[in-house]
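Take any residue in the sequence shown, note its place counting from 1, add 1057, and you have its number in our numbering.
All residues carry an ideal CB built from backbone N, CA and C; glycine is no exception.
Since this is a predicted model, take the numbers as computed values, not measurements.
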Amino acid sequence: MFLSGRELVHVTIHDPYALTDSANSEKLEGFLQLLHEIVPTLTEDLVAIRYRSDMALPSRNEENKFKHRHPQIRHVAKAAHTGDFHDRRIEFHLIKPPAPGKTLKTRKGAAAMPARENEIIVVDVSGGIGRLMDQRLECRLYRYPVV
1058 MFLSGRELVH VTIHDPYALT DSANSEKLEG FLQLLHEIVP TLTEDLVAIR YRSDMALPSR
1118 NEENKFKHRH PQIRHVAKAA HTGDFHDRRI EFHLIKPPAP GKTLKTRKGA AAMPARENEI
1178 IVVDVSGGIG RLMDQRLECR LYRYPVV
């Protein structure tokens, strides 16, 4: 519900295990489809996925297959040996709807479009996209605005 009435500018999915195997990438695709059903204006060029790339052949193959199926999604691979990357979250970059009754005036006194306000909402995904999309498994979501 927190997405209703807001314009989605960009979404970034941070999940180190999103592309480790076919099961995880299929669940990621299911999540993207679900997100598209909630926000029909969502296109793949508005999505970025940040994941761990450990250079193991199976995960590299899956990574390449996913990139081929979704060429418009921005992929941000982080090498496994370059520091800590464990937390899983989704960042929604939004534009808030204008507040009712607030209209700005131009210098000539005419009504102008209200200023659009950017907003970032983060959803921590305790078990990652794989657990979130598997109804048999537990996964908690924690939503909070970035101020």
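Asked, Found
"Contact set for T1100: own chain, Cβ-Cβ below 8 angstroms, skip 5 residues either direction", "Q1129"
"Straight-line Cα distance separating F1149 from S1082", "20 angstroms"
"V1066 to N1118 span [Cα, whole Å]", "30 angstroms"
"Per-residue burial, I1152 [other beta carbons within 10 Å of its own, 16 or more giving buried]", "exposed"
"Element boundaries [beta strand (DSSP E), containing I1177]", "E1174 to V1182"
"Distance between beta carbons of Y1108 and D1072, contact taken as under 8 angstroms", "6 angstroms"
"Heavy atom of the ligand ZN within 8 angstroms of A1134 beta-carbon", "Questions concerning the ligand ZN fall outside what the structure shown contains, since it holds no ligand whatsoever."
"Local Cβ density within 10 Å of G1185, reported as buried at 16 or more and exposed below that", "buried"
"Contact check, I1070 vs L1085, beta carbons under 9 angstroms", "yes"
"For L1060, the three-state DSSP class (helix, strand or coil)", "coil"
"Beta-carbon spacing of R1164, S1183 below 9 angstroms", "no"
"In chain order, each alpha helix (DSSP H) run of at least 4 residues that lies wholly inside the region 1079-1152", "1079-1095 and 1114-1126"
"Burial state of E1174, where buried means 16 or more other Cβ atoms lie within 10 Å", "exposed"
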